[in-house]
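Single-structure report; data block below.
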Amino acid sequence: QPIDDLRKCYFVIFFNLQLGTAAMYYNYSAIEEEIEKNKDHPIFAPLYFPSELHRRDALAKNLEYLYGEDWESKISCSAATQPYVDHIHKVGRDDPVLLVAHAWTYYMGDLSRGPVLKKVAQRALKLPPTGEGVNFYHFEGIHNPTAFKRDTKRKNKCPYHAARMGEEWKSFTRWVTLWKCCCRSYKYVKSLTRLLIHATYL
Numbered sequence: 150q151p152i153d154d155l156r157k158c159y160f161v162i163f164f165n166l167q168l169g170t171a172a173m174y175y176n177y178s179a180i181e182e183e184i185e186k187n188k189d190h191p192i193f194a195p196l197y198f199p200s201e202l203h204r205r206d207a208l209a210k211n212l213e214y215l216y217g218e219d220w221e222s223k224i225s226c227s228a229a230t231q232p233y234v235d236h237i238h239k240v241g242r243d244d245p246v247l248l249v250a251h252a253w254t255y256y257m258g259d260l261s262r263g264p265v266l267k268k269v270a271q272r273a274l275k276l277p278p279t280g281e282g283v284n285f286y287h288f289e290g291i292h293n294p295t296a297f298k299r300d301t302k303r304k305n306k307c308p309y310h311a312a313r314m315g316e317e318w319k320s321f322t323r324w325v326t327l328w329k330c331c332c333r334s335y336k337y338v339k340s341l342t343r344l345l346i347h348a349t350y351l
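To convert, note that position 42 of the sequence shown is 191 in my numbering; the numbers rise steadily by one, no gaps.
Set out below in structure tokens:
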């Protein structure tokens, strides 16, 4: 029974990883599309670091690993993800200053917690140590995340008002939802692994 449960768990987690990665791909694609459109905006320009921060290409590599070479034909923007994608495009079109709130929450959050989740994912799902499947968490253009975040924060001149707080909250809740889903799955794998080890040596 423990072995069957563990196999089922790995299947469910891998499936959730596929869905979660696809959702992030559409989220980041929308954010980065609007960033490109607004990169010359006086508020956004000092925070424009495409080679260091942008995640779309890294997520595409993850999806190729998870789905195969024809990954683009196997994914679609879910009903749960589409409203956020639409909102990002609306913000970029109507009030690009507020786009800073979404970019800031996503990228700084990934820099802070990404390395931890990368290691957990590699262990839980037995992913290759070379990084396949978790390219998203590797910021190869940033060698000192703490210093980068500090310098970027100093350059962030976006006025902090109620509208920005509202956008940051929308972005944060979306980001946390994805992280909670991943973390619960990895913890479940860890618990079942311990159960399997215990049962093996009874």
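The beta carbon of each residue, even a glycine, is placed where N, CA and C say it ideally should be.
All values reported here derive from a predicted model rather than from experimental measurement.
To the nearest angstrom, report how far apart residue i and residue j are at their CA atoms.
{"i": "Ala311", "j": "Trp220", "result": "The pLDDT assigned to Ala311 is 48, lower than 50, so where the model puts this residue is not dependable, and the model offers no usable value."}
{"i": "Tyr256", "j": "Leu202", "result": "7 Å"}
{"i": "Gly258", "j": "Pro277", "result": "24 Å"}
{"i": "Asp189", "j": "Lys267", "result": "33 Å"}
{"i": "Val246", "j": "Asn305", "result": "11 Å"}
{"i": "Arg204", "j": "Ala194", "result": "18 Å"}
{"i": "Asp244", "j": "Glu182", "result": "15 Å"}
{"i": "Pro199", "j": "Ala270", "result": "25 Å"}
{"i": "Phe163", "j": "Thr279", "result": "18 Å"}
{"i": "Arg272", "j": "Gln231", "result": "31 Å"}
{"i": "Arg262", "j": "Asn284", "result": "14 Å"}
{"i": "Arg303", "j": "Thr295", "result": "13 Å"}
In terms of alpha-carbon separation, which member of the options lies closest to residue i?
{"i": "Ile192", "options": "Gln167, Tyr214, Cys226, Gly241", "result": "Gly241"}
{"i": "Gly217", "options": "Leu260, Gln167, Tyr174, Ala179", "result": "Gln167"}
{"i": "Asn165", "options": "Leu215, Phe288, Ser178, Arg272", "result": "Leu215"}
{"i": "Asn293", "options": "Gly169, Leu260, Asn284", "result": "Leu260"}
{"i": "Glu175", "options": "His238, Arg262, Phe198, Leu196", "result": "Residue identity differs from the one stated: residue 175 is Tyr in this sequence, not Glu. If we check each option's Cα against that of Tyr175, His238 comes out closest."}
{"i": "Ile224", "options": "Gly169, His236, Pro199", "result": "Gly169"}
{"i": "Asp235", "options": "Asp206, Ile180, Ser200, Arg262", "result": "Ile180"}
{"i": "Thr254", "options": "Asp244, Thr230, Asn284, Lys298", "result": "Lys298"}
Would you please verify whether the beta carbon of residue i is less than 8 Å from any beta carbon of chain C?
{"i": "Tyr233", "result": "As a matter of chain content, chain C is missing from the structure shown, which is built from one protein chain."}
Between residue i and residue j, how many whole angstroms is the CB-CB distance? I'm expecting something under 8 Å.
{"i": "Asn211", "j": "Gly282", "result": "6 Å"}
{"i": "Ala252", "j": "Ile184", "result": "6 Å"}
{"i": "Ala172", "j": "Ser222", "result": "Going by Cβ atoms, the distance from Ala172 to Ser222 rounds to 17 Å, so no, they are not a contact pair."}
Does the distance from the C-beta atom of residue i to that of residue j stay below 8 Å?
{"i": "Asn187", "j": "Leu274", "result": "no"}
{"i": "Pro264", "j": "Tyr286", "result": "yes"}
{"i": "Leu196", "j": "Tyr177", "result": "no"}
Go to residue i, then tell me how far its alpha helix (DSSP H) extends in each direction, as first and last residue.
{"i": "Asp244", "result": "Note, Asp244: premise wrong, no alpha helix (DSSP H); not H, not E."}
{"i": "Gly258", "result": "248-274"}
{"i": "Lys210", "result": "205-216"}
{"i": "Glu201", "result": "199-202"}
{"i": "Phe297", "result": "294-304"}
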